[in-house]
Amino acid sequence: MNKIFVIIIAAVCGSIPVSGQTVNNGQITVSPGTKFSSVADFKNNSTANFVNDGTFFVYANFHNDGIVEYDPTQEGVTHFVGERQQNISGAVVSKLNHTLFNNHSEQPAFLLNGKVSVGGNSDFEYGIIKVEENGSFIFEAVATHSHADSDSYVDGFVERLGREEFQFPVGSYGAYHPETIGTCDWSDATFKGGYRKENSNLHYAHNQKEDNILIIDNTQYWILECNHHDTHELPLTLSISENMFGTELNNNTEVAIVGWNTETQKWKSYPTVIDTDQQLATAVTLHDGIFTLAKIEKTNDIDDQNNEIIVYNGISGNDDGKNDYFFIEGLNKFPENTLEVYNRWGGKVFDANQYGTHENWFRGYSNAKGTIDNGKKLPSGTYFYVLTYKIANGKIKKKAGYLYIN
Numbered sequence: 038m039n040k041i042f043v044i045i046i047a048a049v050c051g052s053i054p055v056s057g058q059t060v061n062n063g064q065i066t067v068s069p070g071t072k073f074s075s076v077a078d079f080k081n082n083s084t085a086n087f088v089n090d091g092t093f094f095v096y097a098n099f100h101n102d103g104i105v106e107y108d109p110t111q112e113g114v115t116h117f118v119g120e121r122q123q124n125i126s127g128a129v130v131s132k133l134n135h136t137l138f139n140n141h142s143e144q145p146a147f148l149l150n151g152k153v154s155v156g157g158n159s160d161f162e163y164g165i166i167k168v169e170e171n172g173s174f175i176f177e178a179v180a181t182h183s184h185a186d187s188d189s190y191v192d193g194f195v196e197r198l199g200r201e202e203f204q205f206p207v208g209s210y211g212a213y214h215p216e217t218i219g220t221c222d223w224s225d226a227t228f229k230g231g232y233r234k235e236n237s238n239l240h241y242a243h244n245q246k247e248d249n250i251l252i253i254d255n256t257q258y259w260i261l262e263c264n265h266h267d268t269h270e271l272p273l274t275l276s277i278s279e280n281m282f283g284t285e286l287n288n289n290t291e292v293a294i295v296g297w298n299t300e301t302q303k304w305k306s307y308p309t310v311i312d313t314d315q316q317l318a319t320a321v322t323l324h325d326g327i328f329t330l331a332k333i334e335k336t337n338d339i340d341d342q343n344n345e346i347i348v349y350n351g352i353s354g355n356d357d358g359k360n361d362y363f364f365i366e367g368l369n370k371f372p373e374n375t376l377e378v379y380n381r382w383g384g385k386v387f388d389a390n391q392y393g394t395h396e397n398w399f400r401g402y403s404n405a406k407g408t409i410d411n412g413k414k415l416p417s418g419t420y421f422y423v424l425t426y427k428i429a430n431g432k433i434k435k436k437a438g439y440l441y442i443n
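Under our numbering, the first residue of the sequence shown carries the number 38, and numbering increases by one thereafter.
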C-alpha cells in the first residue's frame, strides 16, 4: 500500500507550519511508492534539501531557495494541481523529474517566477504556464512533454538543453503555436524558443525583404535563440493557420517560412514544405533568430524548359527494380547540386553533393558522417528533402518537398 503524507499543519521530516505555509528547513525525501501532499504554500528554505522519488502533490504556491532534486533512476512525479492560481518561484533552480500541470482556475493558472528544470516528461493536462521576467522553464537533454494544446502550454520562453530534436510547447492568448527544431551538430547546444502574438513589423520592418517575398504575416512570429550563433543548418517547423492568407494565394504563390537576417537587415525566405493535414510548415534554416510565415512567389522553372526538373518522391525500398531510389529527372543537367533528406523530426538522414552523377542515389539508407543512424536502413514513413542546384546563368535554385519510403 502506498504511504500518503498530507502536510497541512503538521511538521514532517524537518518541515514546520509557519503562517499557513509548509516550510522545509531540513531534509525531506519522498521515497518511491510514497505520496506526499502540501495543501498550504510550500517553501523550501536555503538550508533545505527536498528529494522527490515518489509522488508530490502541490495544491498551492511553491517556493524554493534550497535544493530540490531527484534520483534519475526513479520515476518521481510532481503534480501542480491547485484550484486557485499558483505561483512557482524561488532563487534556486528546482530540478524535477516528471511533472503534471492541472489547474482549471482563471488562466494563466501558473505564474512561473523561478526556474524549473524538467528531466523526464512534463504532462500539460490543463492550465497555462506564464513565464514571468525572472522565470525559466527548462527541458533537459532527454526531457519530453505531452498533451500540450490550446488549454495548456507555456506562455513565454522555453529552454532546451542538448542537440536532439524538440518541440517547444509555446503559445499565447489562448492559442497553441508550437515551434519544432531538428537535430543540430553541437552536443552542448542550448536553445530558447518563444511565440509572440503580435506584429513583427514593429521591430523588423516588413518592407525590408527579398524580392520574392510578397506579404509577411503581421499577426505573429516565433523566436529561436541558440548559444551557437554561426551559420548552421537547422530544420524548423512552425504551425500554420487554416486560412492563412486566404484567397490571396494562387497558382503562382505559396506559403513559406521567412526569417530576419541580422547581417543584411532583411527578411529571407526558405524552401518550405507544407503539411496541410497537420497544418505545419517545415524548412531548413541557416541561423537562429526571428521567424514567421509569408506569401512568396513560386519558383518558376517552366519559363525556361532547360531548367525544368521532375521529382519522383517515392521509394519502394525492396530492391525489385521499381522505385528503388529517389530519382529526380533532369537533374543530370545541373551537376552542381546538393541534396539533403530529413526525417519527420528534423534529423538529417542523408546528404550528397552532385546527387545522381556518380550513382550516389538515396535508396532509403542513412549516409555520411554525422547523420542519424549512419549506414542503417531507414524505417518506412514520410521524410522531406531540400535540393539546391545551380542553373546555366549561375543562379541558385532551391526546391523542397516530401519524400515517402514504403
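From the three backbone atoms N, C-alpha and C, an ideal C-beta is built for every residue, glycine too.
Its chain contains N86 as the residues whose beta carbon lies nearer than 6 Å to that of I104, once the 5 sequence neighbours on both sides are disregarded; these appear in chain order. Judged by DSSP secondary structure, R197 falls within the beta strand (DSSP E) whose first and last residues are 195–198. For N171, the closest alpha carbon among the candidates Y190, V195, K414, G438 is that of V195.
Secondary structure note for W223: it is in no beta strand (DSSP E), with a DSSP letter that is neither H nor E. Taken atom to atom, the span from the alpha-carbon of S417 to that of N369 is near 27 Å. Residue ranges of uninterrupted beta strand (DSSP E) with 3 or more members, entirely inside the stretch 131–211 and ordered along the chain, are 131–133, 135–139, 147–149, 152–155, 158–163, 166–168, 173–176, 181–183, 195–198, 203–205. The three-state secondary structure of L368, taken from DSSP, is helix. A direct Cα-to-Cα measurement between T322 and A242 gives close to 20 Å.
With fewer than 16 other Cβ atoms inside 10 Å of its own Cβ, H266 counts as exposed. In the DSSP assignment, A320 forms a beta bridge with L273, T309. In the displayed model, S126 falls within a strand according to three-state DSSP. For E345 and S276, the gap between their C-alpha atoms comes out near 31 Å. Its chain contains L376, E377, V378, F399, Y402, S403, N404, A405, T408 as the residues whose beta carbon lies nearer than 8 Å to that of F387, once the 5 sequence neighbours on both sides are disregarded; these appear in chain order.
CA-CA distance, E177 to L440, rounds to 31 Å. Leaving aside the five residues that flank A226 on each side, the residues in its chain whose CB is nearer than 7 Å to its CB run, in chain order, G199, R200, C263, N264, H265. Residue environment analysis places E106 among the buried positions, since at least 16 neighbouring C-beta atoms fall within 10 angstroms of its C-beta. For F79, the closest C-alpha among the options E120, P69, G127 is that of G127.
N289 is positioned such that its CB atom lies no closer than 8 Å to that of E247.
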